[in-house]
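Peer 1:
Set out below in structure tokens:
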């Protein structure tokens, strides 16, 4: 009797394991299908993709600014006028990511201020700072403009 | 070259430390040793780097000191090394295993390789990781590696609400120290670090379940995790949830080892190790501090009628916690920016606590996320139901205590949403699933161990 119980349990476990394998197999297949193109041609996918992401490309703009700021500890940070909050935040955090260890004070009037004009590239002549005696130190011609108090 | 040397030294320190703890357990398997050693190496490297950097040592002095530590460990442990190979010949007997076990092994290897491929493809698509990775962890690594002499003065000035300036430094410090040795900020270093934590979680889970029960159960545990798509999404996003989840699991494994050993000396060593792992969790993410509290509460409930036993195990557990927790407290008090959630608490805190709608909303999100867990075609939690029906549930105090711990963690997460200052739906939608994933490896481990013994 005990033996039968043991056998039944063993059959149940094997049935469970077969079901389990079918189930996880289906799950794995679904996952694999999402990446089938990459698995078919991994080398060409690597060539096409590596270094072409948004964050890496965004970082290419910073080479000159970074050299220029060098050891500056803290500067102010301004962005496009009327930029929506998520876009403003994305540009701000990315700028901080690339310009570390220089600290960027959000909308702060430090002695030096960085304008990140990703879309317009040009500072508005009616800009508050320019109208209040600040001057452009350097326009990097890639949307970054550094200004300071006269 | 110098990075290779640094990583080798760091890995050997981790391996010898782990070996010194595990050498006395019966049937020590290399899988358990390796999968614990690699992440522990990263943890030790991170803690040593921050501590030695704060006291003013240069990067090369740190490397030299780590080398001396390694020599000391090797000298102490080399006599015990033969244990690893004693009586262990590599004789994989194909016919020794049931066919179903062989199929499980083959499936495990296939899944591992496929997911390693997916990890690679996702990593080259987003080499900086996703938002939390680059905006918190990798950004802090940049602050440290670009100003190794003055980062302690700068990092505290980061705006808490934008950059979570108080987040601990496990990943950031390890990445920064590796960048300092290479002299350039390679994206591959955070990728490798995340790979280690992601795949060692699977290895540790499989190895530990196998050790405490059977190979079949160990393989089931590993395959469930390997078949969970979102687990790898989190891993290759370079988020710290996998890191902290690894250390939760490691701590629970050491506590289970302590509960199952008959030797008092070993038991003390396992409780110290559980404490070290718990402190590493706190060094990875703030939720690690909640983990420590929940673990202490659940153990206190288990040993409520045995205060002497509780005192003894807590003594060793806290001893293990202390070094890293003291460093963390120093970092949080004197270096980091204040915690954004605590800083934002004001008179509205009480209103939030009494707002029933918040509780309902959080509850509904918890249920919804639990039902759509991990991007499976079917909720994997239900996989355990037929197993419980067949094998039976071991409702011993220790098993139930493991589930009490999980329940306390979920309660802690729930409460953190109640008092959160962030817009609630946004906060829930961006984090509930990640918090569940921190606990998922522990859930699988405790569930499979809660089944009655016997094949």
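Protein chains in written order, with our numbering: chain A, 1 to 150; chain B, 1001 to 1455. Cβ coordinates follow ideal geometry from the N, Cα and C atoms, glycine included.
Please confirm whether residue 1414 of chain B and residue 1370 of chain B have their CB atoms less than 8 Å apart.
Peer 2: As a first step, residue 1414 of chain B must be located in the second chain, where it is residue number 414. As a first step, residue 1370 of chain B must be located in the second chain, where it is residue number 370. Contact: no.
Peer 1: Between residue 1177 of chain B and residue 1045 of chain B, how many whole angstroms is the CB-CB distance? I'm expecting something under 8 Å.
Peer 2: Locating residue 1177 of chain B in the second chain gives position 177, counting from the first residue. Locating residue 1045 of chain B in the second chain gives position 45, counting from the first residue. Contact flag correct, Cβ pair sits at about 6 Å.
Peer 1: At the level of alpha carbons, what is the spacing between residue 109 of chain A and residue 121 of chain A?
Peer 2: On the first chain, residue 109 of chain A is found 109 positions in, with the first residue counted as 1. On the first chain, residue 121 of chain A is found 121 positions in, with the first residue counted as 1. C-alpha separation (whole angstroms): 21 Å.
Peer 1: Skipping 5 residues on each side, what residues in its chain have a beta carbon closer than 8 Å to that of residue 134 of chain A?
Peer 2: Here residue 134 of chain A refers to the residue found at position 134 of the first chain. Only 113, 147, 148, 149 and 150 meet the Cβ criterion.
Peer 1: When Cβ atoms are compared, which residues of the region 99 to 122 of chain A fall closer than 8 Å to chain B?
Peer 2: Listed in sequence order: 100, 101, 103 and 106.
Peer 1: From the DSSP output, in three-state form, read off residue 1194 of chain B for me.
Peer 2: Start at 1 with the first residue of the second chain, and residue 1194 of chain B comes out as number 194. Residue state, collapsed to three classes: helix.
Peer 1: If we require 3 or more residues per run, which beta strand (DSSP E) segments fall completely within the region 1305 to 1361 of chain B?
Peer 2: Entirely contained in the region 1305 to 1361 of chain B, not one beta strand (DSSP E) run reaches 3 residues.
Peer 1: Apart from the five residues just before and just after residue 64 of chain A, which ones in its own chain have a Cβ nearer than 7 Å to its Cβ?
Peer 2: By one-based count along the first chain, residue 64 of chain A stands at place 64. 140, listed in sequence order.
Peer 1: Does residue 130 of chain A come within less than 8 Å of chain B when only Cβ atoms are used?
Peer 2: Along the first chain, read from residue 1 onward, the residue named residue 130 of chain A stands at position 130. False, the Cβ-Cβ gap to chain B never drops below 8 Å.
Peer 1: Can you have a look at residue 1165 of chain B and say buried or exposed, based on whether 16 or more other CB atoms are within 10 angstroms of its CB?
Peer 2: Against the second chain, residue 1165 of chain B aligns to sequence position 165. Buried: at least 16 other Cβ atoms inside 10 Å.
Peer 1: Going by DSSP, what residues sit across from residue 149 of chain A in a beta bridge?
Peer 2: The sequence position of residue 149 of chain A within the first chain is 149, counting from 1. Paired residues: A:134.
Peer 1: Note the first and the last residue of the continuous alpha helix (DSSP H) segment covering residue 1300 of chain B.
Peer 2: Locating residue 1300 of chain B in the second chain gives position 300, counting from the first residue. Where residue 1300 of chain B is concerned, the enclosing alpha helix (DSSP H) stretches over 1287 to 1302.
Peer 1: Residue 14 of chain A CB to nearest chain B CB: under 8 Å?
Peer 2: Residue numbering aside, residue 14 of chain A sits at position 14 when the first chain is read from its first letter. Cβ-Cβ to chain B under 8 Å: yes for residue 14 of chain A.
Peer 1: Cα-Cα, which of B:1149, B:1284, B:1401 and B:1236 is closest to residue 1256 of chain B?
Peer 2: Counting from 1 along the second chain, the entry for residue 1256 of chain B is found at position 256. Comparing Cα positions, the closest option is B:1401.
Peer 1: For residue 1248 of chain B, which residues in the same chain have their Cβ closer than 6 Å to its Cβ, ignoring the five residues on either side in sequence?
Peer 2: Stepping through the second chain from its first residue, residue 1248 of chain B is reached at position 248. Taken in chain order, the residues that qualify are 1281, 1291 and 1442.
Peer 1: Nearest chain A C-beta to residue 1291 of chain B closer than 8 Å, yes or no?
Peer 2: In the second chain, counting from the first residue as 1, residue 1291 of chain B sits at position 291. No - not a single Cβ of chain A is within 8 Å of the one on residue 1291 of chain B.
Peer 1: Looking at residue 1228 of chain B and residue 1380 of chain B, is the spacing between their C-beta atoms short of 8 Å?
Peer 2: Taking the second chain and counting its residues from 1, one reaches residue 1380 of chain B at position 380. Taking the second chain and counting its residues from 1, one reaches residue 1228 of chain B at position 228. Closer than 8 Å, so yes.
Peer 1: Just grab the DSSP bridge partners of residue 113 of chain A for me.
Peer 2: One-based indexing of the first chain puts residue 113 of chain A at position 113. The partner list for residue 113 of chain A (beta bridge, DSSP) reads A:76 and A:147.
Peer 1: Under 9 Å between beta-carbons, which chain A residues line up against residue 1318 of chain B? List them in chain order, please.
Peer 2: Here residue 1318 of chain B corresponds to residue number 318 of the second chain, with the count starting at 1. Near residue 1318 of chain B there are no residues of chain A at all, since even the closest Cβ is about 36 Å away, more than 9 Å.
Peer 1: Quick one: Cα of residue 1266 of chain B to Cα of residue 1306 of chain B, how far?
Peer 2: Within the second chain, residue 1266 of chain B is the residue found at index 266, counting from 1. Within the second chain, residue 1306 of chain B is the residue found at index 306, counting from 1. Taking the straight line from one Cα to the other gives about 20 Å.
Peer 1: Between which two residues does the beta strand (DSSP E) containing residue 60 of chain A stretch?
Peer 2: As a position in the first chain, residue 60 of chain A is number 60, starting the count at 1. It is not in any beta strand (DSSP E) - residue 60 of chain A carries neither H nor E in the DSSP assignment.
Peer 1: Quick check: does the Cβ of residue 1391 of chain B come within less than 7 Å of any heavy atom belonging to the ligand ZN?
Peer 2: Only the bare structure without any ligand can be found here, which leaves the ligand ZN out of the picture.
Peer 1: With distances taken between CB atoms, is the gap from residue 1213 of chain B to residue 1453 of chain B smaller than 8 Å?
Peer 2: Taking the second chain and counting its residues from 1, the one referred to as residue 1213 of chain B is at position 213. Taking the second chain and counting its residues from 1, the one referred to as residue 1453 of chain B is at position 453. Yes, the Cβ-Cβ distance between residue 1213 of chain B and residue 1453 of chain B is below 8 Å.
Peer 1: For a test of the three-state rule: what should DSSP assign to residue 105 of chain A, helix, strand or coil?
Peer 2: The sequence position of residue 105 of chain A within the first chain is 105, counting from 1. In this structure, residue 105 of chain A counts as strand in the three-state DSSP scheme.
Peer 1: Let's see if you can read the secondary structure: which residues bound the alpha helix (DSSP H) around residue 1438 of chain B?
Peer 2: Along the second chain, one-based indexing puts residue 1438 of chain B at 438. 1424 to 1449 is the extent of the alpha helix (DSSP H) around residue 1438 of chain B.
Peer 1: The region 50 to 62 of chain A: which residues have C-beta closer than 7 Å to a C-beta of chain B, in chain order?
Peer 2: Residues 50, 53, 55 and 56.
Peer 1: Spell out a yes or no on whether the region 1069 to 1077 of chain B and the region 1002 to 1018 of chain B are touching, meaning 3 or more CB-CB pairs, one atom from each, closer than 8 Å.
Peer 2: Contact between the region 1069 to 1077 of chain B and the region 1002 to 1018 of chain B is present, because at least three Cβ pairs lie under 8 Å.
Peer 1: I'd like the span of the alpha helix (DSSP H) that includes residue 1280 of chain B, first residue to last.
Peer 2: Position 280 of the second chain, counting from 1, holds the residue named residue 1280 of chain B. It spans 1264 to 1284 - the alpha helix (DSSP H) in which residue 1280 of chain B sits, taken as one unbroken run.
Peer 1: May I have the straight-line CA-CA distance separating residue 1128 of chain B from residue 1052 of chain B, to the nearest angstrom?
Peer 2: In the second chain, the residue the question calls residue 1128 of chain B occupies position 128. In the second chain, the residue the question calls residue 1052 of chain B occupies position 52. Roughly 27 Å separates the two Cα atoms.
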